[in-house]
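As they're listed, the protein sequences go chains A and B.
Residue numbers for the first sequence, in this note's numbering: 1 to 104.
Residue numbers for the second sequence, in this note's numbering: 105 to 208.
Contents: one structure, followed by commentary.
2 protein chains.
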Amino acid sequence: MESNLVPRDIMHRAARRFKMLSEPVRLEILSLLHERGEMSVQELVEETGQHQANISKHLRHLAGEKCVKRRKEGLFAYYSINDPTLSSICMLVCGRLRQEADAA
Amino acid sequence: MESNLVPRDIMHRAARRFKMLSEPVRLEILSLLHERGEMSVQELVEETGQHQANISKHLRHLAGEKCVKRRKEGLFAYYSINDPTLSSICMLVCGRLRQEADAA
DNA sequence: GAACAATATAACGATGTCGATATATTATGG
DNA sequence: CCATAATATATCGACATCGTTATATTGTTC
């Protein structure tokens with residue numbers, strides 16, 4: 001019950017950060033990157049079953065928001081999680097969801 | 105780098121939870137509720153400057169996702185935060201955003 | 001520099017969600 | 001039971017974003 005949970009001056013940025021986490025495919029991407037540390041676009045395409053263009057677009061969004069880091073090596077682009085708080089946030093939410101499910 | 109950051113069976117639910125946090129007006133509502141503990145629709149309308157219908161709709165979404173709790177008293181409906189993890193999550197993200205801003 | 005592979009971008013239709021306006025519901029008081 | 005106040009719901013147009021398909025870019029190899 002204190003002041004300024006989300007300060008006005010970063011409210012829109014915060015909303016955009018959360019929007020990154022509001023799509024199942026992006027959560028799957030982050031989940032995979034969390035497990036394996038670093039993956040190429042191809043690997044992500046194979047694991048998710050999504051089309052390459054779709055994965056590239058999601059990665060572009062994630063990278064634009066600094067959620068994810070890109071490393072180019074030859075023909076391949078390797079992505080990894082850049083924002084370490086994302087993992088904590090996901091675990092918090094998932095823990096809460098389990099809790100709600102148990103309570104019900 | 106471990107297993108199952110966001111387990112498949114709750115991935116869609118997690119995404120929906122994050123979607124609740126992905127709109128500035130909803131973040132403002134949660135921020136106000138965090139400060140004051142409990143507020144009527146009217147109060148939220150006044151503080152945010154949004155139209156009543158819009159606030160009611162956002163509250164409906166938030167309540168549907170169990171983010172927020174509703175208490176009816178006479179003509180008034182009082183809302184308060186129901187999911188305590190939301191505050192932690194918002195603070196994590198805002199801290200990170202500050203950090204990124206400082207680094208730049 | 002031509003052929004090929006990995007990734008990125010463009011364009012498109014379908015669907016979702018925003019805020020605004022209008023109307024319905026619910027509860028109180030006279 | 002009628003008027004009024006607080007809240008909820010319905011509908012609408014504008015705009016964003018999803019996944020798909022097609023194409024462009026980038027880098028490697030011969």
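All C-beta atoms, glycine included, are put in the ideal place defined by N, C-alpha and C.
Counting along the chain, Ile159 (chain B) sits inside the alpha helix (DSSP H) bounded by residues 156-168. Per DSSP, reduced to three states, the secondary structure at Ser22 (chain A) is coil, with no helix or strand assignment. Separation of Ser144 (chain B) and Gly199 (chain B) (C-alpha to C-alpha, rounded to the nearest whole angstrom) is 29 Å. Contact between the segment 120-134 of chain B and the segment 16-25 of chain A is present: 3 or more CB-CB pairs across the two stretches fall below 8 Å.
Contact of Glu47 (chain A) with chain B by beta-carbon distance below 8 Å is absent, the smallest such distance being about 12 Å.
The Cβ atoms of Val197 (chain B) and Thr85 (chain A) lie closer than 8 Å to each other. Nearest CB-CB separation between Cys198 (chain B) and chain A: below the 8 Å threshold. Among the CB atoms of chain B, none fall inside 8 Å of the CB of Glu73 (chain A).
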